[in-house]
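Here the protein sequences come in this chain order: E and G. For the first sequence, this note's numbering begins at 1 and goes up steadily by one. For the second sequence, this note's numbering begins at 410 and goes up steadily by one.
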Amino acid sequence: MRKIKKPPDPQQPPMSSHDVVITGIGLVSSLGEGPDAHWQKLTQPGFQPVLDAARFAPYTIHPLPEIDWNLQIAKRGDQRQMETWQRLGTYAAGLALDDAGIKGDDELCATMDMVVAAGGGERDEAVDATILAASESRNDRDVLLNEKLTTELRPTLFLAQLSNLLAGNISIVHKVTGSSRTFMGEEGAGVSAVETATARIRSGQSTHVLVGGAFQTEHSDMLLGYELAGYLHRGRWKPVWQRQGSEGGGVVTGSGGAFLVLEQREHARNRGRKIYAELGPVISGRARRRQGELNSEIAALLKQAHLPDGELLTISAASGAHAATAAEKAVLDANPALAVRAFSTLTGHMKEAQFPFAVALAALAVDRKAGYPVFDATAERPFEGAPNSVLATAIGYHQFEGLGLIKAA
Amino acid sequence: MANLRDHMGRPIVAVTGIGVVTSLGVGKKDNWAALTSGKSGIHPITRFSVDHLNTRISGMVDFLPSSSKGASHLTYELAETAAQEAVSEAGLDSGDFGGPLFLASPPVELDWADRFSLYNSDKDEAGAERLLRVARGLKELDIFETTQFGSIADRLADRFGTRGLPITLSTACASGATAIQLGVEAIRRGECDKALSIGADGSATAEALIRFSLLSALSTHNDIPEKASKPFSKDRDGFVLAEGSGALVLESLEAALARGATILGIMRGCGEKADDFHRTRSKPDGSPAIAAVRAALADAGLGEDEIDYVNAHGTSTPENDKMEHLSLSTVFGERIGSMPISSNKSMIGHTLSAAGAVEAAFSLMTMRESVIPPTINYDNPDPAIVLDVVPNKKRNAEVGTVLSNSFGFGGQNTCLVMAREPV
């Protein structure tokens, strides 16, 4: 068992103590956009996911909904500088800023910190395909590469691919400029982004932070990133918990994004904003999975979260990846108080956005004083009543783990 | 007895280990000897064909076992090598470091060599369909790991026994400085008493070079490679793509003194400010860079008159050097003409994700050795940029405080203030 970050010592309080609250939520997925659309669909019993099984067969994906980019990215010139991934993230970030009443407020944007969880942007598939096709009949492949890339690559595409340029575009489009950091590393990047933003607010370093990520799966390279290890589920779609033993590796991906505005409670109160929920402990870990540590690591994280007594709604970002999802299910099942909902059954796996998305859905449940119906009746059990706290988990499909406890404000 | 808390009541953060790799060599000793003798590490590209390329020079690290194995493997080896030097110098257990890891590294992509070999291992279908089908039949995880953004840090965490979930980050050319800043902040918040911050970049592939070329960012002075990087010169025409790594062991001063560690320097302050102007150009008034410098000074509790030397971002692009001069002269006023300011990039090129960490390492050595490395190739000064760039030859000088600048594409600006001694 790996050493885990120790919880703060109550004998040594941080520089100053500030609660972290959630005042803005920006969501996009195949289900639509915004907290209301997601709440409405996710609370419909028996809601069926939006799927596209044809475009990337044998893989099924959850596609993006129709989006009018102009609503959050006013300048066409800005839109042209991005591909879909950066547009999606910039759009979801704009939704969160709007929701928190920060968008367009120059002073609040200029002092706002930002932590974005990002992978990479889209490559030019046509150029790549041309080069690969030519490579079949040429041995001077490095010359071929230079020849094609120097003449066929669109110069600005590089900027649309750079991981840190999602944050860069958010600064340009929404004027968030207090600070800008981009964390990389799949689901773990999303966990670290929320964890770091939370730590900054608690210690008094930040008063308000934009945090989140986006994933655009409708691109073969984004699928390849999973499939190089055989992680994608093939064949007929099934809910997350039912993919063990099916053809492929268990992950069904989705396009989407989730951004949160996290804020110091006093700061939110002083400007009279609606508070969705309080963000309690956020805990991250790194099990050495090859050494069989994942189950014990998840159990240890749960223990550190100091879960409240009684039944606890749990929003799981489980991917469906066979080993990781089996481990998560075993540990969650062993705790009879947890009523689990794996939202990726309905949205698909959104990689870096998984944890921020889970936190957002947990905050909505706390705010609306209601749980979600089961997303998979064979594996999830009903939850009645008004949740006072909700647990959010993100166990990476390949590496890194984290969870957070979201509480009534 | 030194103060253990800074002007804001936070734990003071000391540096107890430094490691560095650049095109000039492995380790502080070789790098420092080359750097202070004005030697350039820029050389013709031999790693791949340069046919059709406008830029045929770089500061690649060509002498490591992984130098020809692709960006992911080389970035790992660069990070590991620098971290090993730093952790050993700090006198800590290099298999059980016991603090968090912050890694600045380039975004990863499937290397072309792997793309070609996967594609040509089969004949059916074409394009992406073929790649996906071949991919799912792979029996090993080696290629997969090179495409996961968290994999290099995961391996480093195993290798050094760092604690918790390692953070991999990118703030473009400011990444290395951000990795240090994250470590400093974690210690100040009391989350840990030591942290390992690494910036590493081994991603100088043909495609990376072509991408920067297409943005007109690179020097095309190919004929005399060691003369190509000429920050603050009138005829500067772009940066030179390079590789390298820098690693720092950061510790609370209290913990470092308690275990009798040698204090190599103090991380006094960090400041940042994002630019909202343009994806590759900075705001014409320089306000974000100015704000980043001022934020770093304020965080350090130092006035403008208390910085002895500036380790410049100094990329040798027309835009950066002009804007950096504007920002510094705005902050430091008339004094700027007499403050020594040099660019390590004149010798090692732009190590991108590693630059902030490499240059922090050199800044700390500048203070310890009382020697300022020069800005070489300063033969044709830009009359619009009046600075004491420590031209062409090193200078002996007592340096108690350094400001190190990092300004990135995408508008991410980070500045670090370091001091030789605790307050």
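C-beta atoms are modelled at their ideal positions from N, C-alpha and C, and glycine is treated no differently. The structure presented is a predicted model; accordingly, all values stated were derived computationally and were not measured.
Within the continuous beta strand (DSSP E) that includes residue i, where are the two ends?
i, result
"Lys603 of chain G", "Lys603 to Asp610"
"Pro281 of chain E", "Ala277 to Gly285"
"Ser446 of chain G", "First-last for Ser446 of chain G: undefined, no H or E at that position."
"Val211 of chain E", "His208 to Phe215"
"His62 of chain E", "Tyr59 to His62"
"Val340 of chain E", "Leu338 to Ala342"
"Tyr528 of chain G", "Segment Trp521 to Tyr528 is the alpha helix (DSSP H) holding Tyr528 of chain G; no beta strand (DSSP E) there."
Using beta carbons (cut-off 8 Å, strictly below), is residue i in contact with chain E?
i, result
"His722 of chain G", "no"
"Arg688 of chain G", "yes"
"His839 of chain G", "A question about residue 839 of chain G goes unanswered here, because the residues of chain G that appear run from 410 up to 832."
"Ala683 of chain G", "yes"
"Asp791 of chain G", "no"
"Lys576 of chain G", "The residue you asked about is not Lys; residue 576 of chain G is Ile in the sequence shown. Chain E contact via Cβ: present."
"Glu616 of chain G", "yes"
"Ser458 of chain G", "yes"
"Ala566 of chain G", "yes"
"Ile421 of chain G", "no"
"Gln557 of chain G", "yes"
Kindly list the residues whose CB is nearer than 8 Å to the CB of residue i, restricted to its own chain and excluding five residues on each side of it in sequence; keep chain order.
i, result
"Glu278 of chain E", "Asp19, Val20, Val21, Ile22, Arg265, Ile406, Lys407, Ala408 and Ala409"
"Ala318 of chain E", "Val240, Trp241, Ala324, Thr325, Glu328, Lys329, Ala342, Ser344, Thr393 and Ile395"
"Pro10 of chain E", "At Pro10 of chain E, the pLDDT of 39 sits below 50, so the modelled position is not reliable; the number obtained from the coordinates is stated separately. For Pro10 of chain E, where only same-chain residues beyond five positions count, there are no Cβ hits under 8 Å."
"Val767 of chain G", "Val429, Thr431, Gly585, Gly608, Gly653, Ser654, Gly655, Asn753, Ile757 and Thr760"
Just tell me which of the options has its CA closest to the CA of residue i.
i, options, result
"Thr810 of chain G", "G:Gly468, G:Lys802, G:Lys478 and G:Ser772", "G:Ser772"
"Thr378 of chain G", "G:His759, G:Ile785 and G:Asp788", "There is no way to answer for residue 378 of chain G, as the model of chain G reaches only from 410 to 832."
"Val28 of chain E", "E:Arg271, E:Ala358 and E:Lys369", "E:Ala358"
"Gly450 of chain G", "G:Ser725, G:Ser638 and G:Ala683", "G:Ser638"
"Met82 of chain E", "E:Ser163, E:Gly402, E:Thr43 and E:Asp106", "E:Ser163"
"Asp471 of chain G", "G:Glu652, G:Ala586, G:Asn463 and G:Thr490", "G:Glu652"
"Arg703 of chain G", "G:Pro693, G:Lys692 and G:Ile716", "G:Ile716"
"Phe419 of chain E", "E:Ser179, E:Asn388, E:Tyr276 and E:Ala189", "Outside the displayed span of chain E (1 to 409) sits residue 419 of chain E, for which this structure offers no information."
"His174 of chain E", "E:Arg243, E:Ala96 and E:Glu122", "E:Ala96"
"Trp39 of chain E", "E:Leu108, E:His322, E:Thr347 and E:Asp221", "E:Thr347"
"Arg597 of chain G", "G:Leu578, G:Val795, G:Glu549 and G:Val422", "G:Val422"
"Leu145 of chain E", "G:Leu501, G:Ala664, G:Ala665 and G:Arg620", "G:Arg620"
"Asn412 of chain G", "G:Thr784, G:Glu663, G:Lys731 and G:Thr726", "G:Glu663"
"Leu519 of chain G", "G:Asp694, G:Phe558 and G:Leu666", "G:Phe558"
"Asn406 of chain G", "G:Ile466, G:Lys448 and G:Ala770", "The shown model of chain G, from 410 to 832, leaves out residue 406 of chain G, and the question about it has no answer."
I'd like the span of the alpha helix (DSSP H) that includes residue i, first residue to last.
i, result
"Asn169 of chain E", "Leu165 to His174"
"Lys303 of chain E", "Leu294 to Gln304"
"Phe357 of chain E", "Gln354 to Arg368"
"Thr823 of chain G", "No alpha helix (DSSP H) holds Thr823 of chain G; the beta strand (DSSP E) holding it covers Gln821 to Ala828."
Grab me the residues of residue i's own chain with a C-beta within less than 6 Å of its C-beta, minus the 5 sequence neighbours each way, in chain order.
i, result
"Pro247 of chain E", "Reading off the sequence shown, one finds Glu at residue 247 of chain E, where the question assumed Pro. Excluding positions up to five away in sequence, the list reads Arg234 and Gly235."
"His452 of chain G", "Pro634"
"Arg804 of chain G", "Ile781"
In its own chain, which residues sit with a C-beta less than 7 Å from the C-beta of residue i, not counting the 5 before and 5 after it?
i, result
"Ala595 of chain G", "Pro509, Cys601 and Ala604"
"Gly434 of chain G", "Asn440 and Ala443"
"Gln354 of chain E", "Glu187, Gly190, Ala317 and Ala394"
"Leu232 of chain E", "Tyr59, Leu223, Tyr226, Gly248, Gly249 and Val251"
"Met15 of chain E", "At Met15 of chain E the pLDDT is 39, less than 50, meaning the model places this residue with poor confidence; the figure from the coordinates comes in the next sentence. Closer than 7 Å at the Cβ level, and outside the excluded window around Met15 of chain E, lie Ser203 and Gly204."
"Phe741 of chain G", "Glu713 and Met748"
"Leu157 of chain E", "Asp124"
Does the CB of residue i have a neighbour CB from chain G at under 8 Å?
i, result
"Phe259 of chain E", "no"
"Pro356 of chain E", "no"
"Leu294 of chain E", "no"
"Glu125 of chain E", "yes"
"Pro10 of chain E", "Because Pro10 of chain E carries a pLDDT of 39, less than 50, the predicted location of this residue cannot be relied on, and the following value inherits that uncertainty. Chain G, which has no Cβ nearer than 8 Å to the Cβ of Pro10 of chain E, makes this no."
"Asp142 of chain E", "yes"
"Met184 of chain E", "yes"
"Gly225 of chain E", "yes"
Practice task
Could you say if the region 518-525 of chain G and the region 633-650 of chain G meet the contact criterion of at least three C-beta pairs nearer than 8 Å?
Solution key: no
Practice task
Please confirm if the region 328-340 of chain E is in contact with the region 193-213 of chain E, defined as three or more CB-CB distances below 8 Å between the two stretches.
Solution key: Here the region 328-340 of chain E makes no contact with the region 193-213 of chain E; the two share fewer than three CB pairs at distances below 8 Å.
Exercise for the section: Could you say if the region 710-724 of chain G and the region 679-695 of chain G meet the contact criterion of at least three C-beta pairs nearer than 8 Å? Expected result: The way I'd put it, the region 710-724 of chain G doesn't touch the region 679-695 of chain G; fewer than three beta-carbon pairs between them come closer than 8 Å.
Practice task
Report yes or no: do the region 217-233 of chain E and the region 51-67 of chain E share at least 3 C-beta pairs separated by less than 8 Å?
Solution key: yes
Exercise for the section: Give a yes or no on contact between the region 152-166 of chain E and the region 107-124 of chain E, applying the rule of three or more CB pairs nearer than 8 Å. Expected result: yes
Handout entry: the region 772-781 of chain G contacting the region 717-727 of chain G, beta-carbon criterion three pairs below 8 Å
Key = yes
Problem - Meets three-Cβ-pair contact criterion under 8 Å: the region 362-370 of chain E and the region 378-387 of chain E - result: yes
Problem - Touching by the beta-carbon criterion (3+ pairs, under 8 Å), the region 562-578 of chain G and the region 790-807 of chain G - result: no
Problem - the region 782-791 of chain G in contact with the region 542-555 of chain G per 3-pair CB rule at 8 Å - result: no
Practice task
Count the C-beta pairs between the region 274-290 of chain E and the region 42-56 of chain E that are closer than 8 Å, then say yes if the count reaches three, no if not.
Solution key: no
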